[in-house]
Every structure is written in C-alpha cells, then in structure tokens.
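Enquirer: Going by numbering that gives the first Met the number 0, 290 is the number at position 291 of the sequence shown; the sequence numbering is gapless.
By construction, the Cβ of each residue, glycine as well, lies at the ideal position given by its N, Cα and C atoms.
Just so you know, these numbers come straight off a predicted model, no measurement behind them.
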Amino acid sequence: MPHDFMPGLAGVPAATSSISDVDGQQGVLEYRGIRVEELCAQSSFLETSYLLLFGRLPAASQLEQWTSDISHHRRVKFRIVDLLKCLPEHGHPMDALQAAVAALGMFYPGRQVKDAETNYWSAVRLIAKLPTIVAAWARLRHGDDPIPPQDDLEFSENFLYMLTERRPHPLWKEIFDDCLILHAEHTMNASTFTGLVTASTLADPYTVVASSIGALKGPLHGGANEEVVQMLREIASPDHAQAYVEQQLAARRKLMGFGHRVYKVKDPRATVLQRLCERLFQECGPSPLYTIALEVERTAGESLNGKGIYPNVDFYSGIIYDKMGIDVNLFTPLFAMARVSGWLAHWLEQLQENKLFRPDQIYSGEHNRPYVPLAQR
Ligand code: CMC
C-alpha cells in the first residue's frame, strides 16, 4: 500500500503506547498520566522508574522491594571493570557505556524475553548497574580506582558518592534525582525508537539498551547537553551573548539546546530545570554559565520564539551538572542512566504484542543496469 514519505518519520506513529505523552502546544509531559512537575515535587527517580515500567505507582511494600532489588544489584563484575580498563582513556564515556552494557548481556540470562521473571531481573540489573559503570569509567580514565556502590545510600546519592567518594550535599542529591526523573522518558524519540526496532527482533534487553545508547549519543539528541555547556563557555560573558546568537543564526547554524520536533513552546523540563538551577545557585553560590544562559535564552528568543523554537531539556541540565563538578562529557551518560527506565518500559510494552519492525522504502535508483567488467570501466 503506498504511503507518503515523511522524512525523519515526523508525525508517523511507530507504536501505540500508554507510557508517556507530550502536548507540544501546551508544553505538558506526563508519565502514565502524571505530570512530570508533580513527580519532581513528590516522587523519587526509583519510584518513577517503577511507575514507567509497571504502569502504576507502587504500594509501600512494592517500593521497598523495588528499591532493595535495585540496591542489591548495583555491583558490576570485575570483568566489566577490566573491560573498561582496556578502553582508551580519551574515548567518549558513551562509547564505554555502550560497550559495557552490551557486554553485560554476556553475563546474565536475558535471551528468554518471553519470561516475565527474567525480564524483571534484566530491568533491575540495567537500572542498577548503569550508574556504577558510568562512575567507574569516570574514575578509571583518570587512573583512579572505582568506588564500590553503598547499599544504604539512595540511588542518586550513591551515584554522586561513587564519583567522588564523598557523600553529596543533601540538596545535590535531591536536585540530581529530579534531573533523573525529568530525563527518564519522552515518548517516541530517536533512542526509544532505536531500542524498539532492536526489541522487535526479540534480542535481549542488554542489546536493546546498548543500541538505544548509540542513538542517544548524537548531538541532535542527548549529546546536545554537552554542546550547550561548551557553547556557554565559549560565549564566556553575558555581554557577548547577543553577538554570538546573531552570528550563529546569521550563519544558519543551530543553537544547541533549542528547538524540538514536538514542543512548539518552552519544554516543560527546561522550565523545571531552570527552577532547580535557581535553587541550587541560591544555596551553593552562583554559576556564571547560568547568567550567560539567561541572556542567550532572551536574545535567541527574539528571533526563534516566533518560529516555535524555545529551550529544550538540554539547555539547563548541563549547567546543574557543571555546578556539581561533573565532567561535560559525562552529561549524556547521565541522560542514559535515567532514560534506561523509559527504554525498558517501551521494551516490555513492545513484547506484549510484538511485530518485527520492517518498514518500506521508496526506491530511487536504477533498474536493469548491465554489469561492466572491471577492465572496461
Ligand atoms: N537553532 C536555530 N534554528 C533552529 C533550531 C535551533 N536549535 N532548531 C530548529 N531550527 C530551525 C531550523 O534551522 C529550521 O529552519 P528553516 O525552516 O528556516 O530551515 C527549522 O527550525 C526546522 O528545523 P528542523 O531541524 O528541520 O526541525 P526538527 O523538528 O527536525 O528539529 C531538533 C528538532 C531537536 C533536531 C532541532 O531543533 C535541533 O537540531 N536542535 C538543536 C539540537 C538540540 O538541542 N537537540 C536536543 C533535542 S531535545 C532532547 C533530546 O531529544 O535528546
């Protein structure tokens, strides 16, 4: 049956899903019907993961079990650490994460994707181990030993602890947890779609997540958060923001951290992240990058808002991580640590009524060409 070709599959539904929804005109994002602002105010990242995966908020005993299962699966095998040690220290952390996640699948039973219990433990392991891998790589590449996870620390607190061997400021763990909630899921984006295509072949979930990590890395998707901080550093002062923005737009270059395929107003996650920036900087001192960002948002808005282009989730997140002393090229791995919950929720949903993704194409090449022997070309 012929269809219109939609570049980038813009507006083409790839699945029916009850996991999350975006209203791009009103700037609303809901996970299982609950707005992200409410989840940031009242929930935790782990509770939100449960909500995404299983479709409902957990009862107290379920949350306790889920938290305990995650806490007890944070450790990674020494062979995974050895694998990380073999990678070049200047390599990108997303590549290290992708390699380690793919390798996890060699250690654990994940191939029986029709078995609900196996799938539960795969989800637990992936959510639990990604932060350990990210933190281990962050230390190994500087020649430091990885810090083992501590079972009694909450999810976000434990991650920040594994990076520095210090318990974080209480506000940091709260704000970091909110950042994870905001990045946990976002309907049918490029990395989720990539994961679904892999899932539809009935590959194991480690392979599904490794393929999603690959798609998330690109600068048009999760990689934009790194580029935003680099851009703000390059601008260096709020006084230079206007000239920088005008120059970029005159050269028809995109401003990183602006624009979205679905949102035509300010991304609600950017609004929450901006509030988190203000809380953090009030308590822990100002960030020069934030002052520059405000000026970029103001000046860029004059040209771009009329076209429905506003700051997206990547515009303010990196400024928070930068204040916490986290290296810029770890920002996208942090995104992956959160988004793994969404990827896994879509994986489980896909398995309920799986159909292999096998789209069509519109062939634009020639037919019936003769083979010309090498000597005659
Ligand atoms: N700066 C300046 N102009 C822009 C921007 C931007 N950031 N984004 C879109 N435009 C313009 C673009 O130049 C084009 O203009 P024209 O019609 O005159 O040629 C028009 O808007 C449509 O752009 P598009 O790239 O065809 O639209 P899209 O729906 O494919 O774009 C996007 C979505 C996210 C790829 C794009 O806005 C972009 O490249 N933004 C910068 C990268 C970024 O911040 N990515 C993070 C996205 S949100 C988090 C995530 O998904 O991971």
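#1: M161 to Y309, Cα distance in whole Å?
#2: Quick one: what does DSSP say P169 is sitting in, helix, strand or coil?
#3: Under 8 angstroms: do the region 349-358 and the region 174-191 share three or more Cβ pairs, one atom per stretch?
#4: Ordered along the chain, which non-local residues of its own chain (more than five positions away) have a Cβ less than 7 angstroms from that of F106?
#5: As a quick exercise: from G258, L45, N157, E225, pick the residue whose alpha carbon is nearest that of P332.
#6: If you draw a straight line from the alpha carbon of E301 to that of A269, how long is it in whole angstroms?
#7: Is it the case that the CB of P332 approaches a heavy atom of the ligand CMC more closely than 8 angstroms?
#8: From the DSSP output, read off the bridge partner residues of Y30.
#9: Could you check how far apart the C-beta atoms of T131 and R73 are, in whole angstroms? I think they sit under 8 angstroms.
#10: Could you check where the alpha helix (DSSP H) with Y107 kicks off and where it finishes?
#11: Relative to the C-alpha of D20, which residue among L347, R232, V261 is closest?
#12: Would you mind reading off the limits of the alpha helix (DSSP H) that contains N118?
#13: Within the continuous alpha helix (DSSP H) that includes S316, where are the two ends?
#14: Can you give me the C-alpha to C-alpha distance between D313 and L343, rounded to a whole angstrom?
#15: Would the beta-carbon of P218 be found less than 8 angstroms away from any heavy atom of the ligand CMC?
#16: Hey, how far is the Cα of S155 from the Cα of K113?
#17: What do you get for G307, buried or exposed, if any count of 16 or more other CB atoms within 10 angstroms of its CB means buried?
Expert: On the basis of the supplied data:
#1: About 35 angstroms.
#2: Reduced to three states, the DSSP call for P169 is helix.
#3: By the Cβ rule, the region 349-358 does not count as touching the region 174-191, because fewer than three pairs are nearer than 8 angstroms.
#4: Cβ neighbours of F106 within its own chain (closer than 7 angstroms, five residues either side excluded): K76.
#5: Closest by alpha carbon: E225.
#6: Their backbone Cα atoms lie some 18 angstroms apart in a straight line.
#7: For P332, the distance from the CB to the nearest heavy atom of the ligand CMC is not below 8 angstroms.
#8: Looking at the DSSP output, Y30 shares a beta bridge with S19, I33.
#9: Indeed they touch by this definition, with Cβ atoms about 5 angstroms apart.
#10: First-last for Y107: undefined, no H or E at that position.
#11: Checking every option, the nearest Cα to that of D20 belongs to V261.
#12: Taken as a continuous stretch (DSSP letters only), the alpha helix (DSSP H) holding N118 covers 115-139.
#13: 312-322 is the span of the alpha helix (DSSP H), which, as asked, contains S316.
#14: C-alpha of D313 to C-alpha of L343: approximately 22 angstroms in a straight line.
#15: Taking 8 angstroms as the cut-off, one finds at least one heavy atom of the ligand CMC near enough to the beta carbon of P218.
#16: If I take the Cα positions, the gap works out to 31 angstroms.
#17: G307 should be labelled exposed.
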